[in-house]
Amino acid sequence: MTALALLRECEPLVDGSAACYEITGAPGAPVVAVLGGISASKHVTSSASDPRQGWWEEVVGEGRAIDTNKFRVISVDYLTHVKGSLPVTTEDQARGLARALDELGIDRLQAVVGASYGGMVALAFGAAFPARADRLIVIGAAHESDPMATALRHLQRRVVELGTAVGRERDGLAIARGIAMTSYLTPRYFEERLAEDDGNDIQATEDRIGSYLRAQGERFADKWTSERYNSLSLSLDLHKVRPEEITTPTTIIAVSSDRLVPIAQSRELASRLGGPSQLVELDSSFGHDAFLGDWPRVAPFINELLQVERTVWS
Numbered sequence: 003m004t005a006l007a008l009l010r011e012c013e014p015l016v017d018g019s020a021a022c023y024e025i026t027g028a029p030g031a032p033v034v035a036v037l038g039g040i041s042a043s044k045h046v047t048s049s050a051s052d053p054r055q056g057w058w059e060e061v062v063g064e065g066r067a068i069d070t071n072k073f074r075v076i077s078v079d080y081l082t083h084v085k086g087s088l089p090v091t092t093e094d095q096a097r098g099l100a101r102a103l104d105e106l107g108i109d110r111l112q113a114v115v116g117a118s119y120g121g122m123v124a125l126a127f128g129a130a131f132p133a134r135a136d137r138l139i140v141i142g143a144a145h146e147s148d149p150m151a152t153a154l155r156h157l158q159r160r161v162v163e164l165g166t167a168v169g170r171e172r173d174g175l176a177i178a179r180g181i182a183m184t185s186y187l188t189p190r191y192f193e194e195r196l197a198e199d200d201g202n203d204i205q206a207t208e209d210r211i212g213s214y215l216r217a218q219g220e221r222f223a224d225k226w227t228s229e230r231y232n233s234l235s236l237s238l239d240l241h242k243v244r245p246e247e248i249t250t251p252t253t254i255i256a257v258s259s260d261r262l263v264p265i266a267q268s269r270e271l272a273s274r275l276g277g278p279s280q281l282v283e284l285d286s287s288f289g290h291d292a293f294l295g296d297w298p299r300v301a302p303f304i305n306e307l308l309q310v311e312r313t314v315w316s
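Set out below in structure tokens:
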């Protein structure tokens, strides 16, 4: 199990303070920031001080792709805006991470590894703090939100708002999350894993898929509020950075079947970056969620990229 973790507990609001963080791993080792989707937390992997399974347990830990015997790993709880204030941006998240690093006395990161919303934050960090990371590893994210993804999230927020207005906030959150799952995954995923051969029993297939989406939604709704959901959902839509301003060496890991970040958008990002870039294209039935569900294919690239002497930039 990974060594003791150092925690900063706080209320994750955009108020100019450092983000709430957890840092764990080998004392004195180079530091890697790991950032996930909007549902991720600062608890990335289990440690001696917190044995609960982290959200990226398979990838981060002793002997894993991001090896806590070789690196210290920091992650944060994402900031949300106070009601009535300006929406939170990915640049706000990047500044919250930077303030956490300042508090810890960390001048420079070995890498920022960001997936989904975390990939957006990684890009914002690279644009705002070009001297504070040796490299960026961006998974399932681009320089701006795709219009179709924005449209889907707009409707999800309306579902949450409607549920809250009629006193059914939890139901609204659960349904919105269920809708989101259909965009995180691919049609092939639903066909291969959920649409088993039931002969002519179409109802059995519907029940299985419905049960899966309900379970995903209810698990999410148990931990979230409508304010936090809508704040981070809107932040996804408002994300925008100029790739030309990012000079930090960057690797983009893209999934050709990603329904939220089209492969063309990842290719555009790679071509416009202001520094050295690599684009890795994968195919996965997990689509946007490949960094979670198809981690055995994603993790080796991360491991390779963290071995600085073996990385060749083109």
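The working numbering applies: residue 3 is where the sequence shown begins, and numbers increase by one.
A virtual CB, placed ideally from N, CA and C, is assigned to each residue, including glycine.
Because the structure is a prediction, the values reported are computed rather than measured.
Through-space distance from residue 225 to residue 257, alpha-carbon basis: 28 Å
- prompt: What's the call for residue 186, buried or exposed, on a 16-neighbour Cβ count within 10 Å?
  reply: buried
task: Please go through the same chain and pick out, in chain order, the residues whose beta-carbon is closer than 7 Å to the beta-carbon of residue 72, but skip the five residues on each side of it.
output: 28 and 31
query: In whole angstroms, what is the alpha-carbon distance linking residue 65 and residue 166?
result: 45 Å
query: Can you tell me where the beta strand (DSSP E) with residue 38 in it begins and where it stops?
result: No beta strand (DSSP E) holds residue 38; DSSP gives it neither H nor E.
- request: Using 10 angstroms around the beta-carbon of residue 69, count the other beta-carbons present and answer buried if the total reaches 16, otherwise exposed.
  value: buried
message: Any beta carbon from chain B within less than 8 Å of residue 268's own beta carbon?
response: No chain B is part of this structure, which consists of one protein chain only.
Inter-stretch contact (C-beta, 8 Å, three-pair minimum) for the region 101-118 and the region 35-43: yes
message: Residues in the same chain with beta-carbon distance under 6 Å from residue 151, minus the five sequence neighbours each way, listed in chain order, please.
response: 262
query: When burial is assigned at 16 or more other CB atoms within 10 Å of the CB, is residue 156 buried or exposed?
result: exposed
- prompt: If residue 218 sits next to residue 183, beta carbons under 8 Å apart, how far is it from one beta carbon to the other, in whole angstroms?
  reply: 5 Å
field: Residues near residue 216 in its chain [Cβ-Cβ closer than 8 Å; skip 5 each side]
entry: 176 and 180
- request: Determine the DSSP secondary structure at residue 54, reduced to helix, strand or coil.
  value: coil
task: Throw me the rounded Cβ distance for the residue 254 and residue 233 pair, which I believe falls under 8 Å.
output: About 26 Å separates the two Cβ atoms, so there is no contact after all.
- prompt: Taking the Cβ atom as the reference point for each residue, do residue 304 and residue 61 lie within a distance shorter than 8 Å?
  reply: yes
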